[in-house]
Amino acid sequence: MMVRVYNTIDTVPTWYTVWTPLSFFLTLFIGGPLLGYLLLRVAGVDGWALRLLPVVSLLALLVSIMVVVMQGSELATIRSSVQQASALVPDYGLLMAWRVVLLALACWCVPQIRGRKPAVSLLGLAFVLILAGEMIGRGVFYGLHMTVGMAVAS
Numbered sequence: 003m004m005v006r007v008y009n010t011i012d013t014v015p016t017w018y019t020v021w022t023p024l025s026f027f028l029t030l031f032i033g034g035p036l037l038g039y040l041l042l043r044v045a046g047v048d049g050w051a052l053r054l055l056p057v058v059s060l061l062a063l064l065v066s067i068m069v070v071v072m073q074g075s076e077l078a079t080i081r082s083s084v085q086q087a088s089a090l091v092p093d094y095g096l097l098m099a100w101r102v103v104l105l106a107l108a109c110w111c112v113p114q115i116r117g118r119k120p121a122v123s124l125l126g127l128a129f130v131l132i133l134a135g136e137m138i139g140r141g142v143f144y145g146l147h148m149t150v151g152m153a154v155a156s
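Below, the structure is given as structure tokens:
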């Protein structure tokens, strides 16, 4: 599992938290079902069970919002000998707000597909929004890299 690469590095305290693996798995559960639905729709596969896939993405988004809040509050408690974690990404709140807005817009598409076959273009738009939101999340994740005992010049 790729997440173990980041989660087991105890010299990077911002990644050595419960939020790292949870965020990786939530990315999987936010984007995966919607991408699967999009690809199955393009292939012409239909069935009532497919309508459950966007619900999985929506539930994962709700959990992801809680993770963003909890991780943000924990950043204030993480520090090395020279730097506080919250100083690594000073716009953490703004970036995560943009991420959540993009993901919420993508999940806004979910009610649009109730009761009928969703348009491939709508599913494609939702997936692009999810991809953009998750890219912001990954950028913030890598921006939070902080090695214990080392300083980064500003």
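All letters in the sequence shown, in the order written, are residues 3 to 156 by the numbering used here. Every residue gets a Cβ at the ideal spot worked out from N, C-alpha and C, and that includes glycine. Here the structure is a predicted model, which is why all the values come from computation and not from measurement.
Gln-85 (DSSP reduced to helix, strand or coil): Numbered from 1 along the sequence shown, position 83 holds the residue referred to as residue 85. Reduced to three states, the DSSP call for Gln-85 is coil.
Within the same chain, show all residues whose beta-carbon is closer than 7 Å to that of Val-70, passing over the 5 residues directly before and after it, in chain order. Locating residue 70 in the sequence shown gives position 68, counting from the first residue. Cβ neighbours of Val-70 beyond the five flanking positions: Met-98, Val-102.
Taking the alpha-carbon of Gly-46 as reference, which of Phe-143, Pro-120, Tyr-144 has the nearest alpha-carbon? Here residue 46 refers to the residue found at position 44 when the sequence shown is read from its first residue. Of the listed residues, the one whose Cα sits closest to Gly-46 is Pro-120.
Please work out which residues of its chain come closer than 7 Å, Cβ to Cβ, to Val-14, disregarding the five sequence neighbours upstream and downstream, and give them in chain order. If you number the sequence shown from 1, residue 14 lands on position 12. Excluding residues within five positions, the ones whose Cβ falls inside 7 Å are His-147, Met-148, Thr-149.
For the candidate residues Thr-79, Ile-138, Val-58, Val-122, whose alpha-carbon lies nearest to that of Thr-19? In the sequence shown, residue 19 corresponds to position 17, counting from 1. Considering only alpha carbons, the answer is Thr-79.
Quick one, are the C-beta atoms of Ile-138 and Leu-36 less than 8 Å apart? By one-based count along the sequence shown, residue 138 stands at place 136. By one-based count along the sequence shown, residue 36 stands at place 34. No. Outside cutoff.
Please state the DSSP three-state secondary structure of Ala-108. Taking the first residue of the sequence shown as 1, we reach residue 108 at position 106. It is helical.
Start and end residues, alpha helix (DSSP H) containing Thr-22: Position 20 of the sequence shown holds residue 22. Segment 21-44, the alpha helix (DSSP H) holding Thr-22.
Helix, strand or coil, according to DSSP, for Ala-121 in the structure here? Position 119 of the sequence shown, counted from the first residue, corresponds to residue 121. Coil.
Out of Gly-135, Gly-145, Glu-136, Leu-125, which has the shortest C-alpha to C-alpha gap to Tyr-39? On the sequence shown, position 37 is the one that residue 39 refers to. Nearest option by C-alpha distance: Leu-125.
Report yes if the CB atom of Phe-90 is closer than 8 Å to the CB atom of Gly-141, and no otherwise. On the sequence shown, residue 90 is found 88 positions in, with the first residue counted as 1. On the sequence shown, residue 141 is found 139 positions in, with the first residue counted as 1. The residue asked about is misnamed: residue 90 is Leu in this sequence, not Phe. It is not a contact, given that the beta carbons lie outside the stated cut-off.
For Leu-42, which option in Leu-30, Pro-56, Thr-29 has the closest C-alpha, if you only look at C-alpha atoms? As a working note, residue 42 is residue 40 in the sequence shown. Answer by Cα proximity: Pro-56.
Only counting the same chain, and skipping five residues up and downstream in sequence, which positions put a Cβ closer than 6 Å to that of Leu-77? For the purposes of this step, residue 77 is taken as residue 75 along the sequence shown, with counting starting at 1. Closer than 6 Å at the Cβ level, and outside the excluded window around Leu-77, lie Ala-87, Ser-88.
Do Leu-127 and Ser-66 have their C-beta atoms within less than 8 Å of each other? Residue mapping note: residue 127 aligns to position 125 of the sequence shown, counting from 1. Residue mapping note: residue 66 aligns to position 64 of the sequence shown, counting from 1. Not a contact, by the Cβ cut-off of 8 Å.
Selected residue, minimal CA-CA separation from Phe-143, among Ser-25, Trp-50, Asp-12: Taking the sequence shown and counting its residues from 1, one reaches residue 143 at position 141. With distances taken between Cα atoms, Phe-143 lies closest to Ser-25.
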